[in-house]
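Below is one structure; the comments refer to it alone.
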Amino acid sequence: MKKVVFCIFLFCKISFSYAQKDSLKLGDTYADDQIYASISYAQLSNQPSIISKSGFSFAFSTGFMKDIILNTRGNISIGIGVGYGYDYFNHNLKVEEIYNSTVFGDGSNINSNVFKSHNIEFPFEFRLRTSNAIKYDFWRIYTGVKFLYNFSNTFRFEENDTQFSYSNVSGYNKLQYGITFSAGYDVVNFYVFYNLTPIFKDSKINSENIDTSILKFGLIFYIL
Numbered sequence: 155m156k157k158v159v160f161c162i163f164l165f166c167k168i169s170f171s172y173a174q175k176d177s178l179k180l181g182d183t184y185a186d187d188q189i190y191a192s193i194s195y196a197q198l199s200n201q202p203s204i205i206s207k208s209g210f211s212f213a214f215s216t217g218f219m220k221d222i223i224l225n226t227r228g229n230i231s232i233g234i235g236v237g238y239g240y241d242y243f244n245h246n247l248k249v250e251e252i253y254n255s256t257v258f259g260d261g262s263n264i265n266s267n268v269f270k271s272h273n274i275e276f277p278f279e280f281r282l283r284t285s286n287a288i289k290y291d292f293w294r295i296y297t298g299v300k301f302l303y304n305f306s307n308t309f310r311f312e313e314n315d316t317q318f319s320y321s322n323v324s325g326y327n328k329l330q331y332g333i334t335f336s337a338g339y340d341v342v343n344f345y346v347f348y349n350l351t352p353i354f355k356d357s358k359i360n361s362e363n364i365d366t367s368i369l370k371f372g373l374i375f376y377i378l
């Protein structure tokens with residue numbers, strides 16, 4: 155039932171947006187409100203020196219952006235939004251929660267070491283585009299900042315034929331932010347996100363700071 159309601163809402167939103175634009179004339183003021191969805195290849199950067207490169211990882215996000223016009227033509231604006239993001243990492247950092255404290259180790263010799271996170275996203279963008287009130291297909295360059303609130307994280311690995319799983323570890327940084335950049339034509343655009351906040355708080359391994367952050371690059375789709 156929830157899926158049906160969502161599909162009806164999405165169809166009405168898109169239909170209403172196109173109906174609004176069809177009634178506009180060249181020179182009219184307009185806004186480019188959008189639903190967005192991105193799929194990205196993801197990597198953990200700034201890893202401790204003893205940790206080898208992570209395996210194949212990916213990320214997905216979706217949400218809604220409100221467009222606020224800054225000039226008459228409408229090709230310069232800011233976008234403010236809210237959405238949901240999911241990250242899945244194959245990594246080599248061993249993460250455990252022991253007596254309400256997060257403990258780190260070298261996980262290069264353990265099996266199936268994965269990390270999953272669920273976030274609420276708050277993107278803020280400065281937008282440049284070649285659009286006008288009656289031109290739906292255009293070039294765009296959007297850049298800005300995305301704030302994240304992590305509401306769920308899970309670290310799971312297998313060691314000596316035993317499965318270990320730790321959820322919402324205390325050392326995880328729930329509030330994060332990073333820079334975003336997207337550019338392209340029409341619906342499909344190239345997308346980059348770089349996290350400026352370490353995903354762990356005041357953490358060390360062998361006296362070395364753990365400044366692990368996230369880099370994502372892939373495609374983002376804007377739906378009017």
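Residue 239 in this note's numbering sits at position 85 of the sequence shown; the count goes up by one each step and never skips. Yeah, the Cβ is synthetic: ideal placement off N, Cα and C, and Gly gets one too. Here the structure is a predicted model, which means the values were calculated and not measured.
### Query
Taking DSSP as the reference, what is the three-state secondary structure of residue 202?
coil
### Message
Closest to residue 313 by C-alpha separation, out of 285, 211 and 248, would be which residue?
### Response
248
### Query
Given residue 213, which residues of its chain have a CB within under 6 angstroms of its CB, disregarding the five upstream and five downstream residues?
194, 196, 241 and 370
### Task
Give the DSSP-derived three-state secondary structure of residue 372 in the structure shown.
strand
### Local conformation of residue 384 per DSSP, three classes
Lying outside 155 to 378, the shown extent of the chain, residue 384 is not represented and no answer is given.
### Message
What does the alpha-carbon distance come out to for the pair residue 360 and residue 205?
### Response
11 angstroms
### Query
Would you report the Cα separation of residue 211 and residue 226, rounded to the nearest angstrom?
43 angstroms
### Task
Please name the residue in 272, 207, 333 and 252 whose C-alpha comes closest to that of residue 278.
333
#### Entry: Bridge partner(s) assigned by DSSP for residue 385
Any question about residue 385 goes unanswered here, given that the chain covers just 155 to 378.
### Message
When you compare the CB of residue 300 with every CB in chain C, is at least one pair closer than 9 angstroms?
### Response
Protein chain content of the structure displayed is limited to a single chain, and chain C is not contained in it.
### Message
Please state the DSSP three-state secondary structure of residue 261.
### Response
coil
### Query
Got a sec? Which residues, its chain only, sit under 7 angstroms from residue 372 by beta carbon, not counting five neighbours each side?
192, 193, 194, 195 and 345
### Pairwise C-alpha distance: residue 223 and residue 310
45 angstroms
### Option in 200, 189 and 187 with minimal Cα separation from residue 351
200
### Message
Does residue 209 pass the burial test, meaning 16 or more other C-beta atoms within 10 Å, or should it be called exposed?
### Response
exposed
### Query
Where does residue 292 sit, in a helix, a strand or coil, going by DSSP?
coil
### Message
So for residue 216, helix, strand or coil by DSSP?
### Response
strand
### Task
Could you give the DSSP three-state label for residue 305: helix, strand or coil?
strand
### Query
What does residue 239 pair with, by DSSP beta-bridge criteria?
215 and 273
### Query
Nearest to residue 233 by CA position, among 306, 300 and 307, is which residue?
300
### Message
Looking only at its chain, what residues have a beta carbon closer than 7 angstroms to the beta carbon of residue 203, apart from the 5 residues adjacent to it on each side?
### Response
362
### Message
Please report the straight-line C-alpha distance between residue 221 and residue 338, rounded to a whole angstrom.
### Response
18 angstroms
### Query
For residue 383 versus residue 255, is the C-beta spacing smaller than 9 angstroms?
Outside the displayed span of the chain (155 to 378) sits residue 383, for which this structure offers no information.
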